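If you read the sequence shown in the working numbering, its first letter stands for residue 23, the second for the next number, and so on.
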Amino acid sequence: MSLPKKGSRTIEIETGNYRWLIRKKPTYDQGLAWSTMTVAIESMDEDARSVLIVNKGIYRPDNWVKSNQTAVTPGVIRKMILAAIEDGWEQDKSGTFHFKYQLITDGINE
Numbered sequence: 023m024s025l026p027k028k029g030s031r032t033i034e035i036e037t038g039n040y041r042w043l044i045r046k047k048p049t050y051d052q053g054l055a056w057s058t059m060t061v062a063i064e065s066m067d068e069d070a071r072s073v074l075i076v077n078k079g080i081y082r083p084d085n086w087v088k089s090n091q092t093a094v095t096p097g098v099i100r101k102m103i104l105a106a107i108e109d110g111w112e113q114d115k116s117g118t119f120h121f122k123y124q125l126i127t128d129g130i131n132e
């Protein structure tokens with residue numbers, strides 16, 4: 023499985039080059055704040071076969087129930103990648119690696 027080039031962003035860090043993607047629109051469960059936001063990340067190396075799915079532990083900012091303004095910047099993506107590698111993500115192994123990286127919410131209506 024690989025991420026599409028269109029709509030994804032790239033980041034270069036000390037461990038290599040990566041492509042990452044957040045869905046443009048929330049899923050139904052994410053829209054109702056029943057499930058949290060996820061980020062898909064993959065290495066751009068030729069031998070990489072694994073996709074990292076990061077559960078951010080926060081609701082999407084565009085959900086329909088609870089507003090927040092928590093930003094996902096390239097710096098946050100870098101920290102997610104390094105933490106996942108430290109936790110055992112191996113890009114050359116096939117399959118999906120699920121990882122939870124808790125962000126702090128900047129809530130508006132709390």
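Glycine included, each C-beta is placed from N, C-alpha and C at the ideal position. Bear in mind that the values here come from a model prediction, so they are computed numbers and not experimental data.
query: What does DSSP give as the partner residue(s) for L74 in the beta ladder?; result: I63, F119
query: Would you kindly report the start and end of the unbroken beta strand (DSSP E) that includes L104?; result: It is not in any beta strand (DSSP E) - L104 instead sits in the alpha helix (DSSP H) that spans 96-108.
query: So, at 8 Å on beta carbons, what are the nonlocal neighbours of F121 in its own chain, with the 5 sequence-adjacent residues on each side left out?; result: L74, I75, V76, N77, M102, A105, A106, D109, W111
query: Output needed for I33: all residues of its chain with C-beta closer than 7 Å, excluding positions within five of it in sequence on either side, in chain order.; result: Y40, W42, P96, I99, R100
query: Do you know offhand how far L54's Cα is from G29's?; result: 24 Å
query: Taking only three categories from DSSP, how would you classify G53?; result: helix
query: For V87, is the classification buried or exposed, using 16 other Cβ atoms within 10 angstroms of its Cβ as the cut-off for buried?; result: exposed
query: Can you tell which of D67, M66, Q52 has the C-alpha that lies nearest to the C-alpha of T60?; result: Q52
query: Please report how far the alpha carbon of M66 lies from the alpha carbon of G38, in whole angstroms.; result: 8 Å
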